[in-house]
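In this note's numbering, the protein residues as written are 327 to 576. C-beta atoms are modelled at their ideal positions from N, C-alpha and C, and glycine is treated no differently.
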């Protein structure tokens, strides 16, 4: 059995609009130079046109070669509902593990290269390894800051995740009838969009209601705090949440 390299990354951790997408790719270790040759690297270092072109190459080659690809979108609604009992990091780690399992088998041997969550690469690697050890005993895990720029497999995963998220943001703009921007709170178009999308009786479903930016803008426009999403439905808050997630820049 040949050794494999699995790359795992995400796109859309920090935005107030749209999904977070986790992606993985599994390739035979000897195919790493070929993956590098088609331009797989950190998606943030590419234009959107270049990302789409490289994504097409990855998907085309995956049909020719023994490559496995997985993409897991987590909707804004799901993020809000899960945050009732989990941290954002916990939500991501669960999907990272799922993405690893989706592209590998119990007999798989080799390395998983995961872009870092948190600030301690060694601890994060051990955490992911512990989660997969019984189901994937032959896989070792490595994580570094900027792994998507260090390993082509993780770079490929970042491209796959970013292109899917960008596509969904475009779909959201088409659904609501105006440009919602990138979805990040630092984007003035996004802030304008949030103001429009919180003007009704409920925030738009594509907003992350638990984000402080959405909560603040909602409270400016309504008497009460932003409603709470739960798996059983929507609750109207009587007082503001005391704890809201930090908004990242990734």
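Residue i versus residue j - alpha carbon distance
i: residue 440; j: residue 558; result: 33 Å
i: residue 427; j: residue 546; result: 44 Å
i: residue 552; j: residue 536; result: 8 Å
i: residue 394; j: residue 425; result: 11 Å
i: residue 495; j: residue 462; result: 34 Å
i: residue 528; j: residue 436; result: 48 Å
i: residue 414; j: residue 405; result: 8 Å
i: residue 358; j: residue 366; result: 10 Å
i: residue 543; j: residue 361; result: 44 Å
i: residue 341; j: residue 432; result: 35 Å
i: residue 526; j: residue 555; result: 16 Å
i: residue 408; j: residue 444; result: 19 Å
i: residue 370; j: residue 447; result: 20 Å
i: residue 476; j: residue 451; result: 16 Å
i: residue 412; j: residue 560; result: 18 Å
i: residue 391; j: residue 512; result: 40 Å
i: residue 438; j: residue 456; result: 13 Å
i: residue 488; j: residue 364; result: 17 Å
i: residue 429; j: residue 397; result: 10 Å
i: residue 497; j: residue 449; result: 37 Å
i: residue 515; j: residue 491; result: 17 Å
i: residue 416; j: residue 460; result: 19 Å
i: residue 344; j: residue 338; result: 8 Å
i: residue 549; j: residue 453; result: 43 Å
i: residue 329; j: residue 499; result: 43 Å
i: residue 368; j: residue 465; result: 23 Å
i: residue 376; j: residue 348; result: 20 Å
i: residue 346; j: residue 356; result: 31 Å
i: residue 493; j: residue 458; result: 30 Å
i: residue 373; j: residue 486; result: 14 Å
Backbone secondary structure at residue i - three-state DSSP
i: residue 429; result: coil
i: residue 379; result: helix
i: residue 556; result: strand
i: residue 328; result: coil
i: residue 437; result: strand
i: residue 336; result: strand
i: residue 359; result: helix
i: residue 364; result: coil
i: residue 447; result: helix
i: residue 414; result: helix
i: residue 442; result: coil
i: residue 527; result: coil
i: residue 394; result: strand
Residue(s) in a DSSP beta bridge with residue i
i: residue 540; result: Residue 540 pairs with nothing; no bridge assigned.
i: residue 405; result: Answer is none; residue 405 lacks a bridge partner.
i: residue 354; result: 330
i: residue 400; result: 346
i: residue 385; result: For residue 385, which the question treats as bridged, DSSP gives no partner whatsoever.
Contact between the stretch 333-346 and the stretch 469-483 is defined here as three or more beta-carbon pairs at a separation below 8 Å; is this criterion met?
yes
For the stretch 523-534 and the stretch 388-404, state whether three or more C-beta atom pairs, one from each stretch, are separated by less than 8 Å.
yes
So does the stretch 503-518 actually touch the stretch 378-393, counting three or more Cβ pairs closer than 8 Å?
no
Is it the case that the stretch 336-355 contacts the stretch 454-471, given that we only count it when at least three CB pairs across the two stretches are under 8 Å?
no
Beta strand (DSSP E) runs contained entirely in the stretch 452-522, provided each spans 3 or more residues
465-470
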